[in-house]
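Throughout, my numbering is defined as the position within the sequence shown, counted from one, plus 1.
All remarks here apply to the structure that follows.
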Amino acid sequence: MCGWDVPKGSAVRAWLPDARGHRRLFSALSIDALGTGLFLPFSILYFTATTDLTLGRVGLALSIAALVRIPATPGAGMFCDRFGARSTVVVSNLTQAVGFFNYLLVDSFGHLLIAAVVVQLGNSAFWVAYPALVHDVAEGNRQESWFALITSLRHAGLGVGALGASLAVAVGGTNGYTAIVAINALSFAAAAILTRLDASAGTQATSANATPEHDAPQNTPPRAAGRAPSGTGPSSASSYSTSASPCSHSPSPSAFPSSWSIRCACRRGYPAPSSRSTPYSARWAPRPSARPSRGAAEAAA
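As structure tokens, this is what we get:
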């Protein structure tokens, strides 16, 4: 929906957000709004024209369903927080599709009430997850432009849908009412599919535009298998088997002494690697001080 050929440098192009990889999402939101615009102006008249329910009973069922939506909103928020905004939008569209398909089969007050509650639950979940989905798609950049563009598309879809519903009712009568509800249910199913497909398209676009990471430096000398990291003293340069070392992620030999590997081994409770040249206890024994004591210095003086 955002693939218009706009001259470079124009004000319109500067206003439009970068929607590459998300055309399916824009199409899904537009189709959703189109179906809603079809049904919304005739939501009450449909039931009075296609069922034996009175206007008062239809209004009562729809009012109860709207009240159920109020306590269901926090639950929709927790669902969105746990499973993500995109998954919540997909589930909400599928839920509303099921509810509107049941509108085609309504023949009693109870059936109407259940179908209306299902529709309201799905609608509540959509409006909870919709801002979070736009935020995720925009990736924190130019969110005002994203909301403005999507809102414009939705309003256009509502207007076109209302016009189409008027023509359908004027031409088809009762069959026109039925066609409105059927198209609305199909629009929610199509919106759910497109929203789910947009996830993979957005991921491919992100990976294609991503900057490749720099290759690892090639001037690092390879370490021979079965050799211990080089240390600072001659006694720590002895070799030992790599399979005996418990530390699989040993530090780089150019940055850390071999005592780091020994310290890591001791922390995990493994025995320190043995040395062929100097025993472990002797290696850690205190070294004699090279500075003469104060008494020896005075005696020499």
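Backbone N, C-alpha and C fix where the C-beta goes; we use that ideal spot for every residue, glycine too.
Query                                                                                                                                                    : Result
Is DSSP giving residue 197 helix, strand or coil here?                                                                                                   : helix
Quick check on the DSSP output: the alpha helix (DSSP H) that includes residue 107 runs from which residue to which?                                     : Neither: residue 107 is in no alpha helix (DSSP H) and is coded neither H nor E.
How many Å lie between residue 189 and residue 58 at the Cα?                                                                                             : 26 Å
I need the DSSP call for residue 85, collapsed to helix, strand or coil.                                                                                 : coil
Note down the Cα distance separating residue 169 from residue 26, rounded to an integer number of angstroms.                                             : 27 Å
Please confirm whether residue 123 and residue 96 have their CB atoms less than 8 Å apart.                                                               : yes
Counting only the same chain and skipping the five closest in sequence on each side, list residues whose C-beta sits under 7 Å from that of residue 133. : 81, 86
Do residue 184 and residue 38 have their C-beta atoms within less than 8 Å of each other?                                                                : no
In the DSSP assignment, find the unbroken alpha helix (DSSP H) run with residue 41 in it and report its ends.                                            : Careful: residue 41 lies outside any alpha helix (DSSP H) and carries neither H nor E.
Report buried or exposed for residue 76, applying the criterion of at least 16 other Cβ atoms within 10 angstroms of its Cβ.                             : exposed
Quick one, are the C-beta atoms of residue 163 and residue 72 less than 8 Å apart?                                                                       : no
Have a look at 91, 196, 66 and flag the residue whose alpha-carbon is nearest the alpha-carbon of residue 110.                                           : 66
Quick one: give me the first and last residue of the alpha helix (DSSP H) that residue 145 is part of.                                                   : 144 to 173
Which of the three DSSP states is assigned to residue 49 in this structure?                                                                              : helix
Taking contact to mean at least 3 C-beta pairs separated by less than 8 Å, is the stretch 100 to 110 in contact with the stretch 137 to 155?             : no
Candidates 143, 175, 181, 145: which alpha carbon is nearest residue 161's?                                                                              : 181
If I measure Cβ to Cβ from residue 105 and keep anything under 7 Å in the same chain, skipping five residues before and after, which residues do I get?  : 179, 182, 183
Are there 16 or more other CB atoms within 10 angstroms of the CB of residue 156, so buried, or fewer, so exposed?                                       : exposed
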